[in-house]
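Chains as they are written, first to last, in our numbering: chain G, 439 to 1234; chain B, 7 to 172. Just so you know, even glycine gets a beta-carbon here, dropped at the ideal spot from N, CA and C. All of these numbers come straight from a predicted model, not from anything done at the bench. Okay, so here's the structure we're looking at.
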């Protein structure tokens, strides 16, 4: 490696110094002169009519600056929070898209829906006053689950969405699928629930609005994964502020996992209120508010069937899914159970025919949108659970049935029956690496040994493929995206040779300040210390679509390469001029520009200096400066893939599941920083394990009350709940269509882990005749399953 | 009602007039501007707010400022040496990539330092159990556990060195 801090080096993160010493700058850390604090008044009912709001007593409380309601917003012509993706139903009709106001106007539709905001000198005063706001509600019948939403005569969440249906969509070839089923030797079936989860980034959402009366400029500082998108949506659709008068800053952000992609009402409230009260307004969610109002994830109820021939070859897959979208459409909600879910139902298999139907419904619950993996974990879980059931139906080993049906490496690029074209992947290789890691041949012996101790041991496999770096824009547009999904980068050399990079990607834990700097250091042969990465500020970055869907490196990194290409081209021109050579004679290597066949050469630093202090540039051919910008629109999705293997041991007396070992083998294409990549995998795995064993967001079906509204009710995986991991990756299958050959690694762990764990749990319980269990496999559920099955076993 | 609270924070004596209900974490963040200590929940579960009070780890979101009256408080800002040299535990978190978004990190590091004070040579299981009161959503704990082990070793090494500063 030419550069010790270049591509492939496990460079220690540059952002850590500030985080480790308490010098991070998160939104709630900011203070402004004369700043006020906002606390929202939220609905305690899942569904109710607002008959009146009496805030006279609240307004008279000490320190209260203002109490504002939906009526004030309506008077100021504040718009509805827009949705960024439109889906059409089977019959061609557009999805139902009811308005979603930052402060409710006449009706509240979920517990936590905001009805008023109290602004006071201190947070405590605002909170005290918020408790004095009296809202006269007329409670209405509520819909607390998707199955209840579609039950006959269910209450309507929105009057203009009959049967609570947002859309009823499908993908694939129904006739071909039906024909394959008609000729199948075996059919495996499964009914499963992919339960609702709360993303739970550790930093609660926060937003601070400022308004400068003299310039008319607004600034919103917010916990966002994509500040430009928030600026566009809030500026153009909600508050009517032109972009040049609206700055959105996403400073250090404490985790996102999807939940901070979306434009939320509170962002609009503080920005609008800052002008109304003439002072900065800051709002920070407490954790209870996060549980109530962050967009949740998953929440699918599915039935699936897999048709096979006599040898266990997959012939067709049929899937029917009911997806809960919550009370309103969050920014990207409609795309998650459709184009990020059904398009992944081929998995790693060459199933020739697939047909999927998805009915998405409104309920009186918090909006549901992207959560780490976003549709892809749901697809992986469904396929991989079904494949395990299929192995049982045809009596095959669980690894063999997978291997038999893998899309072979030689078939790449491979067109699936559900719209995607995989560019690369060697799925058998992933499995080949994984099996020795977990000593698969020794499993039966370990199982027997556990049994001798009165314990139940199981092994579970999950193979996954995901589509990352959503793209290209024309395809995304054809699928309903209301914006292109490119990325932007600017590479600015300074006169003394240091570099500032402006990227439209946003880092909230991913370590871009390190990874992106490695790419620049490698390309120009400069010390990494000379490279600064700037992100998260609409006044600094040309434009950016932000970070989600494992897109930062595949799309943002590609934009960076494109900008560096432009810099190099310009530098070559300057070098040719300085060295009095023809541009075509200049050779470039590691940041040195040499006249071919001579010892005449210049470093990029010399060129940068000349670029800014030129005395004799031929100005009609060569502009001063070395600062280039590029927009990169991907040619295809990227397709990270892998094989996860989990081994569990269950104590039948307590129902407690212990993960004995977990191995993840992944293909992320080329890896820039292995330390960061492995860290991303570890974190992803624990979110998947959390879903499999611990986490469950529960609403009461009838009242729509959130039952799991705190860390005392919603079980987060903790250090003593999870194991250490064996993580491997290979770089044999780089992405073929982006310049770095990278695929993305942010979501992989979460996509594969839940299925691997549940397959292991079901395997451990196979002696009891168990073929499926819904997540999470809590001790109680496992214990009851064992107890209920025991009489049958005793009778055998 | 307000009252006067005095304590030593990161070696400096401070005294402020605060409402009696003021939490220690609010006192640190809002009154002293020490924003390294974070608030991640409202039920004393997540541990993002852990500081040391007289050398013991304490969840500052569940402690009133008046309860810390007369004590010596150390926050994440006070852990590194005055010249910026990281505490061995901080250095170990960096070396082993034991942090991602950084939000839980101050509490995690403060808990880890106290864990090692009580158990200078912890096993992996003891580290995992010892950090049970700190939630991290990013790292999956794998690298945190490695970091704490390495930090414990480094702290033991630092103590063994006769000239090591207090």
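query = Using the beta-carbon count (16 or more within 10 Å), is residue 705(G) buried or exposed?
reply = buried
ask   = Using the beta-carbon count (16 or more within 10 Å), is residue 1027(G) buried or exposed?
value = exposed
key: For residue 1181(G) and residue 991(G), the rounded distance between their alpha carbons   = If I take the Cα positions, the gap works out to 8 Å.
query = Is DSSP giving residue 1024(G) helix, strand or coil here?
reply = strand
key: Cβ contact check for the segment 633-644 of chain G and the segment 659-670 of chain G: 3 or more pairs under 8 Å   = yes
task = Would you list the residues sitting across from residue 895(G) in a DSSP beta bridge?
result = 1087(G)
query = So residue 1002(G) is in the alpha helix (DSSP H); what residue range does that whole segment cover?
reply = 996-1017
query = Between residue 1035(G) and residue 1023(G), what straight-line distance do the alpha-carbon atoms span, to the nearest angstrom?
reply = 9 Å
ask   = If we call anything under 8 Å between Cβ atoms a contact, is residue 546(G) one with residue 553(G)?
value = yes
ask   = Is the segment 1216-1230 of chain G close to the segment 7-15 of chain B, with three or more CB pairs under 8 Å?
value = no
inquiry  = For the structure I just gave you, are there three or more beta carbon pairs, one from the segment 1042-1050 of chain G and one from the segment 900-916 of chain G, closer than 8 Å?
reply    = They do not touch, by the three-pair rule.
ask   = Mind checking residue 807(G): buried by the 16 CB within 10 Å criterion, or exposed?
value = With a threshold of 16 other beta carbon atoms within 10 Å, residue 807(G) meets it and is buried.
key: Beta-carbon proximity list for residue 170(B), same chain, < 7 Å, skipping 5 on both sides   = Any answer about residue 170(B) is weak, because its pLDDT of 40 lies below 50 and its placement is not dependable; what the coordinates show is given next. Excluding residues within five positions, the ones whose Cβ falls inside 7 Å are 164.
ask   = Taking all protein chains shown into account, do 16 or more other C-beta atoms lie within 10 angstroms of the C-beta of residue 713(G), making it buried, or fewer, making it exposed?
value = buried
query = DSSP beta-bridge partners for residue 532(G)?
reply = 526(G)
inquiry  = Would you call the segment 724-737 of chain G in contact with the segment 963-981 of chain G, where contact means no fewer than 3 C-beta pairs closer than 8 Å?
reply    = no
query = Does any CB atom of chain B fall closer than 8 Å to the CB of residue 495(G)?
reply = no
key: Reduced DSSP secondary structure (H/G/I, E/B, other) of residue 752(G)   = Correct three-state label for residue 752(G): strand.
key: N- and C-terminal bounds of the beta strand (DSSP E) containing residue 22(B)   = Residue 22(B) -> beta strand (DSSP E) spans 18-25.
request  = Measure the alpha-carbon distance for residue 1013(G) versus residue 1031(G) and round it to whole angstroms.
outcome  = 7 Å
query = Name the DSSP beta bridge partners of residue 607(G), please?
reply = 796(G)
key: Beta-carbon proximity check, residue 585(G) vs residue 760(G), cutoff 8 Å   = Residue 585(G) places its beta carbon less than 8 Å from that of residue 760(G).
ask   = Which first and last residues belong to the beta strand (DSSP E) in which residue 619(G) is found?
value = That residue, residue 619(G), is in no beta strand (DSSP E); its alpha helix (DSSP H) goes 612-620.
query = Closer than 9 Å, Cβ to any Cβ of chain B: which residues of the segment 632-643 of chain G, in chain order?
reply = Within the segment 632-643 of chain G, contact with chain B at the beta-carbon level (separation under 9 Å) is assigned to 637, 638, 639, 640, 641, 642.
Close beta carbons around residue 451(G), own chain, < 6 Å, minus the five adjacent residues each side = 949, 952
task = Pull up the distance between the alpha-carbon of residue 527(G) and that of residue 485(G), whole angstroms please.
result = Cα to Cα, residue 527(G) sits roughly 27 Å from residue 485(G).
key: Of the residues 1063(G), 1164(G), 672(G), the one placed nearest residue 686(G), counting alpha carbons only   = The candidate whose alpha carbon is nearest that of residue 686(G) is 672(G).
message = What would DSSP say about residue 1199(G), mapped onto helix, strand or coil?
response = helix
task = With a 10 Å radius around its C-beta and 16 neighbouring C-beta atoms as the bar for buried, classify residue 465(G) as buried or exposed.
result = buried
query = Who are the neighbours of residue 562(G) on chain B, taking C-beta pairs under 9 Å?
reply = 25, 27, 28, 32
inquiry  = Does residue 146(B) come out as helix, strand or coil in the three-state DSSP assignment?
reply    = coil
query = With a cut-off of 8 Å, does the C-beta of residue 954(G) fall near any C-beta of chain B?
reply = no
ask   = Listed from N- to C-terminal order along the chain, which residues in the segment 679-692 of chain G have their beta-carbon within a distance smaller than 9 Å of any beta-carbon of chain B?
value = 690, 691, 692
request  = Say whether chain G places a C-beta atom closer than 8 Å to the C-beta of residue 146(B).
outcome  = yes
ask   = Helix, strand or coil: how does DSSP classify residue 1144(G) here?
value = strand
query = Quick one: is residue 112(B) near chain G, going by C-beta distance under 8 Å?
reply = With 8 Å as the cut-off, residue 112(B) counts as an interface residue toward chain G.
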